[in-house]
Amino acid sequence: MQQIPLEQALGLSALLFAIGAFGVVIRRNAIILFMCIELMLNAVNLAFVAFSPRSGVQGQVFVFFVIAVAAAEAAVGLAIIISVFRHKESVDIKNFSLLRW
Amino acid sequence: MMQAGTVQAVQDMSDTAYAVSSVVKVVLTFTVVMVVVALLTLLERKISAWMQDRMGPNRVGPGGIGQPLADGLKNILKEETHPGEAAGVFFTLAPMLSIIPALVTFAVIPFAAPMPTRWGVMPMVVADLPVGILFLLAFSSLGVYGIVMAGWASSNKYALLGGLRAGAQMISYEIALGLSLMSLFFVVGNVGLPQVVWTQQRMGTWFFFTFAVSFAFFWISSFAETNRLPFDLPEAESELVTGYHTEYSSMKFSMFFIAEYAHVLTVSALLATLFLGGWDIPFLQRDDMLGFVDGRWVGNVPALWITLVTFLSFAIKTFVFIVIFMLVRWTVPRFRYDQVMDLGWKIMLPASLAAVVVTAATVLALDSAGVTFEQRALGFVPVYGGVLGVVNVAMLAVVVWAMDRGRTLSATGSLDERRARAKQTARLRAIELQTAERGES
Amino acid sequence: MLLLQEAAVHATSAAAGQAGESFAAFAPWLILALPLLGFVLNGLLSITAARRALPALPPVGDPHWDAHHEPSEQEHHAHGDDAHPAAHADDHGAHGHDAHGHGPKPATHTLPSFIAPGVLIAAFAVAVVNFLRMLAAHPETAWVHEYWSWMPVNDPTGALRVGAAIQLDQLSMLMTLVITGVGSLIHVFSVGYMKEDPGYPRYMAYLNLFVFFMLTLVLGASYPLMFVGWEGVGLCSYLLIGFWFKERANADAGKKAFIVNRIGDFGFLIAMFLLFANLGTLNFAEVMERAPAQMAFGGAVVTAVCLFFFLGAAGKSAQIPLYVWLPDAMAGPTPVSALIHAATMVTAGVYLVARSATLFTMAPVASLVVALVGTATAIFAASIGLKQWDIKKILAYSTVSQLGFMFAAVGMGAYVAGVFHLMTHAFFKACLFLGSGAVIHAMHEALHHTHSDMDAQDVRNMGGLRRYLPVTFWTMGIATLAIAGVPPFAGFFSKDEITGAAWDGAHGQLPLAAGLAKVGIDGTLWFGLIWGALSIAAFMTAFYMGRMMIYTFFGQNRTGEEERKHLHEGSWTLTLPLVVLALASTFGGFLNVEREVPIVRWFDFGQGEALHRWLHPVLAGADQVAEANGIAGAAVEPSAVPIAVAILLGLGGLALAWTMLSRRALRTAAEEPAYANGVERVLYHKYYVDELYDRVVVRTVGWLSRLQAGFDRYVVDGLVDFGGKMSEWLGVALGRFQTGQVNTYAFAILIGVTLVLYAFVHT
Amino acid sequence: MIILFWFFAVLAVSSALLTVTRKNPVASAIWLIATFFCLAAIYTLLGAFFIGIIQILVYAGAIMILFIFVIMLLNLGNDYEPDIRGHVWKVVAGGTSLVIAALLARAFSGELPAPLGHVAGPASLAAQTADRGTVGVIAIPLYTDYMVPLQFTAVLLLAAVVGAVVLAKRKV
């Protein structure tokens, strides 16, 4: 079985990361923003996993932690979105600017 | 039990043979499953009729055997309705999404002992994934997408409610489902389903006894996962019309139906595999084989007749579970929604957590005591599985009799509610009395 | 390395076990644990009592609330409040007679009466068992047992290893006996003296805690452990001086004691650091073993160590110039003064010097300083004592003076004499203090009945108490004879040994004299001076003690008609300790008499000088050092002169007091002026030392503090405020970038990531 | 293998792009799930079976369900407001993202640093998998070398659960 070249996997990771970052900048829907962030996290995960055939299993362990943290983040983030939605009737982040000067 | 001398006789398949056999297995399995599903609809109607003392379908073919075909034809030919407000693509996507996971899950279930062929020994499982049980958990959790999306895309409040209910219910019970399987990992030591079957063979006890708590919880959860009575809240006719598939008609509706029966079939097969020894034939030692581990054959020599008999064994076990599914449908009334959630979160989650801990402790104790799977007391009583089983049955008894205390398993509501109701009645009666007195005076 | 050291430690302890093979310590930890247990129990009781005494609703704006509304135990608050008659009068008016009902006391105020003395007596019993075993075995080396490792610091230069270890040898045994024995008696006395006080359980808890720390101090096998006890007793002293902390003056006295002691502790710490830096250990056994080898005789290091240790000792034992806290410490309850500020804690300094005898022998200059400071303190404090009117103040200055005697002794290398005097002093001074407590107790009760606002502690207000308090009179009389140095009472022998040592030194027959000669100082003149000064101090001691006794017990009673009816002896808990201590003061001196004294031969006390022989193993190290450096004392020629002088001075002082005062019609405080002429005035005002300290130290520090406060306020705060303002402006300016739009932030982060990546790729 | 990888890679990138650009949140979510599936496949191709299945189990099966759930609960999917920023933003952000992608690709294509880690070393993943099993290969370092992070993660998850409940509760 032929191994997948490391560079290609990493390139994919970079591309996905850039797409996610792009989404974070241009979207204003808080939920979609979250999803873009998840996309970026996944891009990083891919990089970790891509290294693991070469560098051992630690990369995968880290991915495990990233997934756990992502789950926690999603739970809290979505709860925040729900509670904000109750007040503002919207999930558009231009309404979430309470903490500015 | 293992016969080491026969290792050389068994050949592994070449890559090409493997690929060809895989395709054959996929096609065959799919066909068989679809046919069985079709027959299951008939079976259900027959059993329902039997339970209600009626005849059931009996017009198409002898004993109504052609009824599924007729139903299929009707559904294909019927007009498809598409609500104007429905969200286009998702409305169409939803039935597909619900049928796929049910079918895909079947891929990891071994349905017979490995079959010797001219090109080597063929494992009788579509895909012996190294992540077997996890694959199962992962894909069973995907079934919820189809239902949720169907409910949402219909733009119908009943459908949406049904979809949300289904989502919440399936997520809730998935936790207990996963946790109940955790205990099995301790003993099996791997997550492949063939290993599960093999471990049951070596241990001499099936897991329905060894992991009684897991068995009970998995079974209950599987009712919830298939949305069958008493957990059919997503499609509760009396409350939500028919829930998430209210707006569906013809083949799309049919696909939900097929998905449900496919799910029942898969879950029954899983229950058979995980807890009733899979294709293991009771009291027969010839079927004790695992497969190739690092290129070496582990277990007895495979033979064609063994494969056939074990398949029969597997089929019977699965059938037993299917029938029970259907019998339960007409036996137990539907839960109320809060009861469902109570059972899932307040009883099954803590109980399965506790069961995991106790089982882990027992396994640790047994391992430290140096007890092996093969060990037998009095020549035939399995020690390892026996001890675990006794512990588990005791735990199950504790769960059922001490923890529940008539809160969830009782059909008439929780103890608190009954008290509250009694109080309310008393108050109403007092008010009545007062008004009566006032009226008199 | 560490293992080797450990092995070595084990080997030495094993060797120690072999040398005193028949000495097996009997649960010495119990001696420590019992008072601690008492503290815990009493502490819990006191917390319970405090809980119960909590008000339901604290009234706002009523300063007298405490006095009025505390539970009924408050009613006899005034009884314990001996140091503050003004407050007593105040209280009095507030209560009236109606508050005097004797209701049943809650368990929190009855249990301590059994717990506190009980644990002490038990500890004393354990100590006695150990003492008897030690007496039988007479081990040559100390018994050291490490219970657990307390401060193991594994630094590369050489591990600091301080274990929670108990050292039992003849010196610590003696101290333990004194502490637990005298402590038991004083605890019993406290039961009678304090049981009406609302803070009774708290008092007993503190007292137990004090004993625990004091025992830690003497039983600890290393300087750090000793320091723990040292600080602990300081803490308890502070707590007990300020026991009636509702009075500002008491709290201040506590603080004064605490702060002055800190100066001394600083010295102790520096000495420990120096020791560790030079010897690499702080355990007594190892220090005494390594010191002669690793430090030069009379060198700067050992001298500095000893001087710093002496600074610590001066703080704790109230030597010039740090003695000022002790007279103020009389603000505490009288049994506290007896236990802490006369019998035990203040002698810790003497114990420290005796414990470090090896070091002090190696540092003749430091020893001479110790002796001179001790002598100066002795005569200085004695002279102040001449003109004090407060009975406790007289005793306080007497204590300072007697501590001076002890320091003079240990300074001159007469360690046994110092320890001997420490012991006898513990007996007679405790007796005197307790007696004064009994007197004050009686006076208070009498004055309380008539609501008089006379000072219950002023000797001018007493007079003729002999008839009303006979037991107190006789016991205090014995103690007075003892402190005045009248043979055959205890004080005579111990004090005589000290003056005798000075006499020997003046004739060059002391090892220290030889040691001084070795570093080029002629010590004989100094020792002569010391002898003279100590003799004068002894004479003054006899005089002021006689004066105190005469004012208190002789002549006309000056309390007044009505009060006189209420003067009576206290309960047995008050008198029993007095009697026991009086007996000890009478016969305690025979512990260390020379064989030549007739009475010793008469009673056949063995070879005589029992204490000398008893303490010999402890001081063996010092002797070895002296021998190794060729300064071991020449054969002492016994001389009758110092003995004769001592007897004459003691009797003479008492006689002078009798002739000067007894025939005069003594007058009350209202009639008798505090002082008559300039000398008396200076003495009455304690040489204005407190005022001097106030002017020189306190005010200077105050000015410096104000200066520093100004610097802090204007310069430091200004800078900080400027920083604050700056960030405020910056915040206002930079805040504009906070658009509140997450996208913008994300974009900013993205730009940053890009830059970092660029830098990463292009380097 | 390579072909499969490219197939899934192209699929992943296109569904990621669709995730970012779809106006409908549900559509975005569905496409994101598709991306996750592709990634799971790629993980499996890379030999990380366990991570691949966990990706589906956790991301697709739990996290995304939550997203969809919330979207539906708030009923955002039907009358969604257009929420994509203006063209200037799109161009600038797109440009920056491309620069980042290019820089990352550049960084990855250069001399990669030597494998870090002393724990398992660079021993080939396949050998370790054969030795310890699919799950064991992750589980053994997870429960030995990474025990403390694991515990912290557990605490974090618990905190998140409690936090989510408190936040989403109507009455506290």
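Residue numbers (this note's numbering), protein chains in the order written: chain D, 1 to 101; chain B, 102 to 542; chain L, 543 to 1305; chain F, 1306 to 1477. Built from N, CA and C at the ideal position, the CB exists for glycine as well. Source: prediction; values computed, not measured.
Assigned with DSSP and collapsed to three states, TYR939 of chain L falls in helix. For the pair LEU1378 of chain F and SER83 of chain D, the CB atoms are not nearer than the 9 Å cut-off. Residue pairing by DSSP places LEU6 of chain D in no beta bridge whatsoever. With contacts defined by Cβ atoms closer than 9 Å, LEU170 of chain B and ALA260 of chain B do not form a contacting pair. Secondary structure at PHE1031 of chain L: coil, using DSSP grouped into helix, strand and coil. Pairing PHE902 of chain L with GLY946 of chain L gives a Cβ-Cβ distance that is not under 9 Å. When Cβ-Cβ separations below 9 Å define contact, GLY1468 of chain F makes no contact with chain B. The secondary-structure analysis by DSSP pairs TRP398 of chain B across a beta bridge with B:PHE393. Residue burial annotation: TYR1448 of chain F is exposed, with fewer than 16 other C-beta atoms found within 10 angstroms of its C-beta.
For the C-beta of LEU1362 of chain F, the chain B residues within less than 8 Å are, from N- to C-terminus, LEU235, LEU238, ALA239, SER242. Linking SER1077 of chain L to ALA1059 of chain L through their CA atoms gives a straight-line distance of about 25 Å. The secondary-structure analysis by DSSP pairs SER691 of chain L across a beta bridge with L:GLY705. TRP786 of chain L carries a coil assignment under DSSP once its states are collapsed to helix, strand and coil. Interface with chain L (9 Å Cβ-Cβ cutoff): ALA1398 of chain F is included.
Under the three-state reduction of DSSP output, ILE1389 of chain F falls in the strand class.
With a threshold of 16 other beta carbon atoms within 10 Å, VAL1467 of chain F falls short and is exposed. Per the coordinates, the alpha-carbon of VAL491 of chain B lies some 37 Å from the alpha-carbon of VAL61 of chain D.
One Cα belongs to LEU385 of chain B, the other to ALA70 of chain D, and the distance between them is close to 49 Å. Annotated as distal: PHE354 of chain B and ALA254 of chain B, with beta-carbon spacing of 9 Å or more. For ASP113 of chain B, the secondary structure class from DSSP, reduced to helix, strand or coil, is coil. The Cβ of PHE1302 of chain L sits closer than 9 Å to at least one Cβ of chain F.
PRO1454 of chain F: member of the alpha helix (DSSP H) spanning 1452-1473, first to last residue. Closest by C-alpha distance to VAL829 of chain L, out of L:GLY840, L:LEU817, L:GLY741, is L:LEU817.
Looking at the backbone, the Cα of ARG160 of chain B and that of GLN168 of chain B are separated by about 8 Å. Within 10 angstroms of the beta-carbon of HIS1392 of chain F lie fewer than 16 other beta-carbons, which makes it exposed. Against chain L, the beta carbon of ILE1405 of chain F has neighbours under 8 Å at LEU1292, VAL1295, THR1296, LEU1299, listed in chain order. Distance from the CA of ALA75 of chain D to the CA of ILE32 of chain D, rounded to the nearest whole angstrom, comes to 15 Å. Counting the other CB atoms within 10 Å of its CB gives ASN672 of chain L a total of 16 or more, which places it among the buried residues. Within chain F, the residues whose beta carbon sits less than 9 Å from that of ASN1285 of chain L are ARG1390, TRP1394, ALA1398, listed in sequence order.
Counting only Cβ-Cβ distances below 7 Å, LEU1409 of chain F has contacts in chain L at LEU1299, in chain order. The segment 1002-1010 of chain L and the segment 1025-1032 of chain L do not touch, with fewer than 3 CB-CB distances between them shorter than 8 Å.
Across the structure, ALA68 of chain D and LEU1403 of chain F are spaced so that their CA atoms are roughly 29 Å apart. Per DSSP, reduced to three states, the secondary structure at THR1017 of chain L is helical. The CB of VAL61 of chain D comes closer than 7 Å to the CB of ILE1443, PRO1446, LEU1447, TYR1451 in chain F, given here in chain order.
Close to ILE1376 of chain F, with beta-carbon spacing below 7 Å, are these residues of chain D in chain order: ILE31. Taking 9 Å as the cut-off, the Cβ atoms of LEU1120 of chain L and MET1018 of chain L count as close.
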